[in-house]
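These notes concern the structure reproduced below.
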Amino acid sequence: MNAPSLSGFLDVTGANYQLFDLGTHLKQLPRSTLALLDNGSKYPYPYLGFAWVATFIWDAEHPEQNNLWFLKLPLDEQGCLVPAVHSDLVRRLYTALQTNDDNERRRLLTDHPYQFQPDSSKMAALHAKATQLLSLPASPYFEPAAEFYLLQNEQTDWKTLGIQGLADLAERCLHTHEQEFSRALSVVGDEPFIALAGQLQHVETSPAITRAAITSAQRRDTAHTIQSALRATSQTAEPEQVEGFILNLIDTGKLDLETLLIIFTNYPALFSNLNLAGQLMTELSIHTDETGFNRVITNLAMQQGMEGIVMKIFSSDALNETLANALSRLIQSARK
Numbered sequence: 001m002n003a004p005s006l007s008g009f010l011d012v013t014g015a016n017y018q019l020f021d022l023g024t025h026l027k028q029l030p031r032s033t034l035a036l037l038d039n040g041s042k043y044p045y046p047y048l049g050f051a052w053v054a055t056f057i058w059d060a061e062h063p064e065q066n067n068l069w070f071l072k073l074p075l076d077e078q079g080c081l082v083p084a085v086h087s088d089l090v091r092r093l094y095t096a097l098q099t100n101d102d103n104e105r106r107r108l109l110t111d112h113p114y115q116f117q118p119d120s121s122k123m124a125a126l127h128a129k130a131t132q133l134l135s136l137p138a139s140p141y142f143e144p145a146a147e148f149y150l151l152q153n154e155q156t157d158w159k160t161l162g163i164q165g166l167a168d169l170a171e172r173c174l175h176t177h178e179q180e181f182s183r184a185l186s187v188v189g190d191e192p193f194i195a196l197a198g199q200l201q202h203v204e205t206s207p208a209i210t211r212a213a214i215t216s217a218q219r220r221d222t223a224h225t226i227q228s229a230l231r232a233t234s235q236t237a238e239p240e241q242v243e244g245f246i247l248n249l250i251d252t253g254k255l256d257l258e259t260l261l262i263i264f265t266n267y268p269a270l271f272s273n274l275n276l277a278g279q280l281m282t283e284l285s286i287h288t289d290e291t292g293f294n295r296v297i298t299n300l301a302m303q304q305g306m307e308g309i310v311m312k313i314f315s316s317d318a319l320n321e322t323l324a325n326a327l328s329r330l331i332q333s334a335r336k
């Protein structure tokens, strides 16, 4: 018999399931992710020192048993699940598996220190993905959202649209109604633009949608619309467009702390460009204090492909006196 494990627990139940990461935004995870945590390997998307994992479990014959299970798992400095946490969680799960009382099993699976409740934006995106996965109808909020954004129905008051409708719209129509989405991003007011962008961040955006969001934000030229566009395109199929957008924000002096935090948390891959990384880190050191700088750079260094980013900056042409001082303090703090 195999040793108890996170991946083994779900296999033993025989349930259908899909994993999602809920760190910065909603991302689908391969089923092998739990095995990575079991084996002491690095979690692919650490955020603030945790793995934020949602598991959607369903039974086609008994839909009333469908369930969403949320885990906020502490990671070590390398981004691996803390061994003591792994052992404790596995013990709790297998204890739940052995009980015959459905209510007690449900309690054991949710009443533990690793449970968390996602915000409303992520819950709406999860529900949209779950209903799409099971080929179920969209929520009643879907049609009014589609009428407002895709058909430009001026009789629809966008403030009456539920966030679930926007999530369903992004999940079901983004890739089949690209032209209508692009037009909507251009013509709707700032507030509905920001609202739609909040759900686009949970899906992959095509080059055309990415271009439409960025162009619209540049024309609107407010901090909130710029930040919303950066969120909306965080899973873009063409990150080069976003890189150009960010360089323009640097050149025009439009980076504030909130915008920087969005860039650092949503676009770690762009920091492989050391010149861009150096500019953004310098801006961060100017806009926040030592504690904030250290926290953000530490989180960046835990992301895929970002190992050793601090030392790479030290040996690159991107280093300047301001950044060197900030990074030196970070290293000294880590050694304490």
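Sequential numbering from 1 applies to the sequence shown in the numbering used here.
All C-beta atoms, glycine included, are put in the ideal place defined by N, C-alpha and C.
What you are looking at is a predicted structure, and each value in this text was computed from that prediction instead of being measured.
Check	Outcome
Close beta carbons around L249, own chain, < 6 angstroms, minus the five adjacent residues each side	L255
Pairwise C-alpha distance: L37 and M1	Only weak support exists for where M1 lies, its pLDDT of 44 falling under 50; the value from the coordinates is given anyway. Looking at the two C-alpha atoms, the distance is approximately 20 angstroms.
Straight-line gap, S120 to I163 (C-alpha atoms, nearest Å)	8 angstroms
Inter-residue spacing [alpha-carbon to alpha-carbon] between G165 and E143	7 angstroms
Proximity below 7 angstroms, CB of F271 to CB of V296	no
Environment of R231 [buried if 16+ CB atoms lie within 10 Å]	buried
L73 versus Q115 - alpha carbon distance	9 angstroms
Unbroken beta strand (DSSP E) run spanning Y17, endpoints	N16 to D21
Under 7 angstroms between C-beta atoms of I226 and A213	no
Beta-carbon proximity check, T210 vs E238, cutoff 7 angstroms	yes
Segment limits, alpha helix (DSSP H) that includes A145	F142 to Y149
Minimum length 3: unbroken beta strand (DSSP E) runs contained in the segment 234–281	none
The segment 49–69 contacting the segment 11–31, beta-carbon criterion three pairs below 8 angstroms	yes
Boundaries (first-last residue) of the alpha helix (DSSP H) holding V12	L6 to T13
Range of the contiguous beta strand (DSSP E) that encloses P192	Element bounds for P192: not the beta strand (DSSP E) but the alpha helix (DSSP H), D190 to L200.
Counted within 10 angstroms of its Cβ, other Cβ atoms place P140 as buried (16 or more) or exposed	exposed
For K42: DSSP bridge partner residues	C80
Contiguous alpha helix (DSSP H) assignments of at least 4 residues, all confined to the segment 79–145	83–98, 102–110 and 120–133
Burial state of E283, where buried means 16 or more other Cβ atoms lie within 10 Å	buried
Sheet register partners of T205 (DSSP bridge)	T236
Residue environment, G14, which counts as buried when at least 16 other CB atoms sit within 10 Å	exposed
7 angstroms Cβ cutoff met for P46 and G79	yes
Among E147, Y43 and Q65, the one whose alpha carbon lies nearest that of S32	Y43
Endpoints, beta strand (DSSP E) assigned at Q28	K27 to L29
Endpoints, beta strand (DSSP E) assigned at T55	F50 to W58
Run of the beta strand (DSSP E) containing L174, from where it starts to where it stops	No beta strand (DSSP E) holds L174; DSSP gives it neither H nor E.
Within 7 angstroms, strictly: CB atoms of T288 and L257	yes
Cβ separation of S333 and N294, assumed to be a contact under 8 angstroms, to the nearest whole Å	6 angstroms
First through last residue of the beta strand (DSSP E) which encompasses L73	N67 to P74
Endpoints, alpha helix (DSSP H) assigned at N294	E290 to A301
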